[in-house]
């Protein structure tokens, strides 16, 4: 009988623009063995998220880039396979940050035990995890929509956007979502209950967005950049807030960007309309986490916040799924099933 | 004996780019007579401020533009010449918003009586007025410097910039000022007590600013835009705050701006460094006004905040002085003496 193997996907080249399959490599090796105080984790689910594109570049950021030859980073749901740690037993299901691989050793630090009886473990990577908290914290701390105000969000069927619009409505605001294609738009409007869903693939987005926001836009939750920004920006009301949590449309652009230079126009409007543009990463709002866990778990349990998962089977398909994510091919929170839970 | 006349400067053309003398016209007319409940004000001092450039354009903003044929707007210190209003007596000195003219009628609404025994009335247009409050509110509400942090401000010898740096130091922060020419820089460093003053007319601003901010920049108080922005932006630390109260360097630009497009680069940094860019106008922080009046009056009385005035004689010189202001020719708060106090 052959030795059990572990597999992992490492970064082997920094992409110029759009990531390619050749930027990644699948490696196989022996199963690691836990030392004293360690655990062996078997990864069940890997979360794929747009921020990972940023980690592939060697640029200054809030997080250090993935090194060449290193395992791609990522949030995971894992099962304890072997434990030499008093705090964890074989079979425990945990949230970890083990990256794109089938197995990982852990000292237990940073692991969060998940109770499958309370919520499906996959939600710890989505609506009850980082993407959900990004939506919650960005909206409550930066966007601060008041009842009757209009909140616009793109990638509205995605993990963050879908939560943004639903929370906005729970706060009494109008939610206008932008998504790609009629299927996603129908889901955003009919299943998630946004007031309006607009398909950015249909021509005339600027005009249709203006018509959908007759009172202007008070909060633009920026997670894409690109043409959606250009459509939303002229509609921003005085004192509008723009939480910025992602710029998926420009992650793979190769600088310099052609003119005209939009910055002076944007700054002029920032000034004359007293706009706030605020980049953030959810972990800076850690103090809000307990409130999020309580609110969001209740909203999900009551059906007030709904979510959708797009599950790809097998670690080896992670690069393809990730490249598709950057092009909007997923429909809902993108997950890779690495092994059975 | 001829009838007493009043004079006023009206806007006759919207500037394309830099304002020209021909955009203004000096008009003369009979002295207006106050009706019941009205006052006749004789303007003593007119404040000239960069925001007036914005009012000359016919664009959406927080304030409506000056109409063609209308008197140019502006804050003024005035003396009550005639009163048919129970609340005001002849000889009262008031802060008003009478614009570029020698006389104005008023219903009394919005006037603030000034006591020359407490502070020179001119300070109501400068350090104790709108520019001083812009510095105070923008720094306390948006910039929020913590002790030891670095605050950068341009036009550092001007009405707003000089107050920004001095308040920053009173809050325990480092103040780095940028100004045009050795005289202004010596004043900013030696008289105002900034930690560093840099001359933007000397080549190599980017390198000199980087050397002056070895720990990066935590607050950039934006009042100019243009090349100073380009020098400061790469130095902004994670969680840096950028209160935007003016963009004097670009007010007279004629769109579109040539490429490359800097916006995607700026937005990427907003995201990865969790930056806050926040336009504001001081009046949105009206709740802070009493604290400002108390703090600033004390600081000025104690010599902790110093100020400088650049006084031009005669209403007819207002256009020339205003055009010079946009080019940085003034040295200190620019005022026009319209008549003796």
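Residue numbers (the working numbering), protein chains in the order written: chain E, 1 to 341; chain L, 1 to 341.
For each residue, glycine too, the CB sits at the ideal point set by N, CA and C.
_Three or more C-beta pairs below 8 Å linking the region 140-157 of chain L and the region 211-228 of chain L_ = yes
_Span of the beta strand (DSSP E), counted from its first residue to its last, around residue 121(L)_ = Segment: none, residue 121(L) is in no beta strand (DSSP E) and carries neither H nor E.
*Less than 7 Å separating the beta-carbons of residue 160(E) and residue 135(E)?*
yes
_Within 8 Å, do at least three Cβ pairs link the region 30-41 of chain E to the region 63-73 of chain E?_
no
*Name the chain L residues that come within less than 7 Å of residue 274(E), Cβ to Cβ?*
62, 279, 280, 281, 284
*What's the C-alpha gap between residue 182(E) and residue 199(E)?*
7 Å
_Tell me the residue span of the alpha helix (DSSP H) that contains residue 162(L)._
159-170
*Using a cut-off of 9 Å between C-beta atoms, extract the partners of residue 259(E) located in chain C.*
Absent from the structure is chain C; the protein chains it does hold are E and L.
*Quick one: give me the first and last residue of the alpha helix (DSSP H) that residue 240(L) is part of.*
Careful: residue 240(L) lies outside any alpha helix (DSSP H), inside the beta strand (DSSP E) at 236-244.
*Look up residue 309(E) in the DSSP assignment and give the residues it is bridged to.*
333(E)
*Helix, strand or coil at residue 304(E) according to DSSP, with G and I counted as helix*: coil
*Can you grab the Cα-Cα spacing for the pair residue 251(L) / residue 54(L), in whole Å?*
7 Å
*Kindly say whether residue 250(L), judged by its beta-carbon, lies nearer than 7 Å to any beta-carbon of chain E.*
yes
*Count the other C-beta atoms from every protein chain shown that fall within 10 angstroms of the C-beta of residue 63(L), then say buried if there are 16 or more, exposed otherwise.*
exposed
*Hey, residue 305(L) and residue 336(L): beta-carbon distance below 7 Å or not?*
no
_Terminal residues of the alpha helix (DSSP H) in which residue 133(E) lies_ = 130-137
*Output yes or no for whether 7 Å exceeds the beta carbon distance between residue 243(E) and residue 172(E).*
no
*Below 6 Å CB to CB, which residues in the same chain sit around residue 90(E) once its five sequence neighbours on both sides are set aside?*
80, 83
_Of the residues 110(L), 167(L), 28(L), 264(L), the one placed nearest residue 292(L), counting alpha carbons only_ = 167(L)
_Contacting residues, own chain, Cβ-Cβ under 6 Å from residue 246(E) (five flanking each side not counted)_ = 50, 223
*Look at the alpha carbon of residue 227(E) and the alpha carbon of residue 249(E), and state the distance between them as a whole number of angstroms.*
8 Å
*Exposed or buried, residue 143(L), counting other C-beta atoms within 10 Å across all chains shown (16 or more means buried)?*
buried
*Quick one: grab the DSSP three-state call for residue 230(L).*
helix
_Proximal residues of chain L, C-beta to C-beta of residue 225(E) below 8 Å_ = 264, 267
*Return the residue from the list 187(E), 281(E), 259(E) that minimises the CA-CA distance to residue 132(E).*
281(E)
*Cα separation between residue 296(E) and residue 127(E)?*
8 Å
*Could you run through the region 236-250 of chain E and flag, in chain order, every residue whose CB is less than 8 Å away from some CB of chain L?*
238, 239, 244, 245, 246, 247, 250
*Under 8 Å from the C-beta of residue 270(E): neighbouring residues of chain L*: 244, 277, 278, 279
*So what does residue 78(E) bridge to, in DSSP terms?*
43(E), 94(E)
_Which of helix, strand or coil DSSP assigns to residue 30(E)_ = strand
*Please list, in chain order, all residues of the same chain as residue 322(E) whose beta carbon is under 6 Å from its beta carbon, the five residues on each side excluded.*
48
*For residue 54(L), verify whether its CB is less than 6 Å away from any heavy atom of the ligand FMN.*
This structure lacks the ligand FMN; in fact it carries no ligand of any kind.
*Relative to the alpha-carbon of residue 46(L), which residue among 56(L), 21(L), 74(L), 328(L) has its alpha-carbon at the smallest distance?*
74(L)
*What residue from 85(E), 116(E), 86(E) has the CA that sits closest to residue 95(E)'s CA?*
116(E)
_I'd like the list of long-range same chain contacts for residue 326(L), defined as Cβ closer than 8 Å, with 5 residues on each side in sequence excluded._
18, 19, 50, 53, 248, 251, 252
*Residues bridged to residue 103(L) [DSSP beta-bridge criterion]*: 42(L)
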